[in-house]
Amino acid sequence: MTTTETSLQDAGTSAAATPGSRVVRIGTRASALARTQSTTVADLLTERTGLVTELVPISTHGDVSREPLAQMGGTGVFVSALRDALLRGEVDLAVHSLKDLPTAPPEGIALAAVPPREDPRDVVVARDGLTLGELPQGATVGTGAPRRVAQIEALGLGVQLVGIRGNVDTRIAKVRDGELDAVVLARAGLNRLGRVEEATEVLDPIQVLPAPGQGALALECRADDDLVAIVATALDDAPTRACVTVERVLLAELEAGCSAPVGALAEVAMGEVGDELWVRAVALSPDGTLAVRRSAAGPLDDPVALGRSLAAEMLADGAADLISERPAT
Ligand SMILES: NCc1[nH]cc(CCC(=O)O)c1CC(=O)O
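Printed below as a string of structure tokens:
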């Protein structure tokens, strides 16, 4: 289902060739997080290009349904409604959380920009200011992400993982209302909503690696639109793009979907010969009992090769069997 608040007829379909006179219609999901992200992008785009923007809310099946995400085909359900609106010409720019994008490249759509990433780590919001390690045996920890479930199970804390979904507000409310002892969320989402101080612990990537692409946004346009180059110049951050490319190539090579128990974090770090890409990754069995953890470094200008070589190492160590719960033969 697709709904738009503005009339599509007078919303910039008469876009002129000059950047200054074109209205860029920005498609956004309706959640508070998505709106905040889209508004930030809209403001920056206007500030840097002079382009006038307009937000067009698109409601997706993922926003409306309360089914578990995994049963709806993963977080890709959030993405496809925005992409459809782009391809139909109803909007000119779509703002996604990059970690929600399926790894397969979309037909007719360009990844115009990946803006500077925020803190990519996961956080805990627990009752009474507690950390994961301070929670008692049997305490309930809410998360629907197989990656988070497997990594927290792997810590062996004796907590009980409970599948939940819903927006950030709904999840935190379950702790405040006493329904759960804690929830695990992306720090970037909390931060964008101005609620980062509600986190009671930031999870160290040594223990819990974030989802590939977490904390980054993806700005998509129609591939044949002049807007691609304008948006790239105004908003793309090359180091962030390189890092998320490593992470997503790795995910694709492991043939793991966006909800698979795979964590990865690439960073630009000082190496022996100057700045280089440094990546850490983990693939786990869904119950967290088995894991393959690896790290690697490579040149800044070849993120694809780095993602591929690390994935090849992890596959050689049995990562694919872990992820899909197939017993190793
Ligand atoms: N899973 C949904 C989702 N997609 C992006 C974010 C947060 C923002 C980001 O990671 O960029 C969230 C919420 C969460 O994981 O807590």
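Each residue of the sequence shown is one higher than the one before, counting from 5 in the numbering used here. Quick reminder that beta carbons are idealized off the backbone N, C-alpha and C, glycines included.
Rounded to the nearest angstrom, what separates residue i and residue j at their Cα positions?
i    : j    : result
A264 : R199 : 27 Å
L97  : L161 : 44 Å
T50  : L159 : 45 Å
A34  : S42  : 10 Å
I327 : T53  : 44 Å
D185 : G217 : 27 Å
L12  : A192 : Its pLDDT being 37, under 50, L12 is placed unreliably by the model, and the measurement read from it follows with that caveat. If I take the Cα positions, the gap works out to 32 Å.
E280 : L59  : 37 Å
T135 : L189 : 13 Å
A114 : P120 : 18 Å
V45  : A323 : 37 Å
D228 : A36  : 30 Å
E157 : I210 : 15 Å
A177 : G170 : 11 Å
A85  : V248 : 23 Å
A315 : R298 : 9 Å
D240 : A108 : 21 Å
E183 : G142 : 14 Å
D173 : G137 : 24 Å
T415 : G93  : Residue 415 lies beyond the residue range present for the chain, which begins at 5 and ends at 333; the question has no answer from this structure.
L165 : V99  : 31 Å
T57  : R26  : 8 Å
E276 : D321 : 27 Å
D325 : D230 : 44 Å
V179 : G278 : 45 Å
R226 : R87  : 9 Å
G133 : V127 : 12 Å
I168 : S101 : 19 Å
S63  : G292 : 34 Å
L194 : T237 : 28 Å
D181 : A38  : 25 Å
Taking 8 Å as the threshold (C-beta atoms), are residue j and residue i in contact?
i    : j    : result
A246 : L294 : no
V129 : E201 : no
V95  : A89  : yes
V334 : V163 : A question about residue 334 goes unanswered here, because the residues of the chain that appear run from 5 up to 333.
R125 : L221 : no
V253 : R312 : yes
V28  : L55  : yes
A117 : L223 : yes
V382 : M318 : Residue numbering for the chain in the displayed model covers 5 to 333; residue 382 lies beyond these limits and cannot be assessed.
K103 : A215 : yes
W282 : A256 : no
G112 : L139 : no
V250 : P307 : yes
What three-state label does DSSP hand residue i in the structure shown?
i    : result
I30  : strand
A233 : helix
I113 : strand
L90  : helix
V250 : helix
E224 : strand
A315 : helix
L194 : helix
L136 : helix
D126 : strand
A215 : coil
G292 : coil
L37  : helix
G80  : helix
So residue i packs on residue j, CB below 8 Å; how close in whole Å?
i    : j    : result
G80  : P106 : 5 Å
A196 : T40  : Looking at the sequence itself, residue 196 is Arg, so the reference to Ala does not match. At roughly 5 Å, the Cβ-Cβ gap stays under 8 Å, so R196 and T40 are in contact.
A287 : L269 : A287 to L269, Cβ: 14 Å. No contact.
P61  : A154 : 34 Å between Cβ atoms; not a contact.
L213 : R284 : 6 Å
R151 : V235 : With 8 Å as the limit, R151 and V235 do not qualify as a contact, their Cβ atoms being about 30 Å apart.
G415 : E122 : The chain is shown only over 5 to 333; residue 415 falls outside these bounds and no answer can be derived.
On the DSSP bridge assignment, give the partners of residue i in chain order.
i    : result
M274 : D279
R297 : V286
A98  : G31, E224
T57  : V28
E205 : V128
Q164 : T144
L269 : R284
A186 : A130, V145
Would residue i count as contacting chain C if we go by Cβ distances under 8 Å?
i    : result
A270 : Protein chains in the displayed structure number just one, and chain C is not present.
Can you determine whether any heavy atom of ligand 3 sits closer than 7 Å to the C-beta of residue i, and answer yes or no?
i    : result
A190 : By its list of ligands, the structure shown excludes ligand 3, since it contains just ligand 1.
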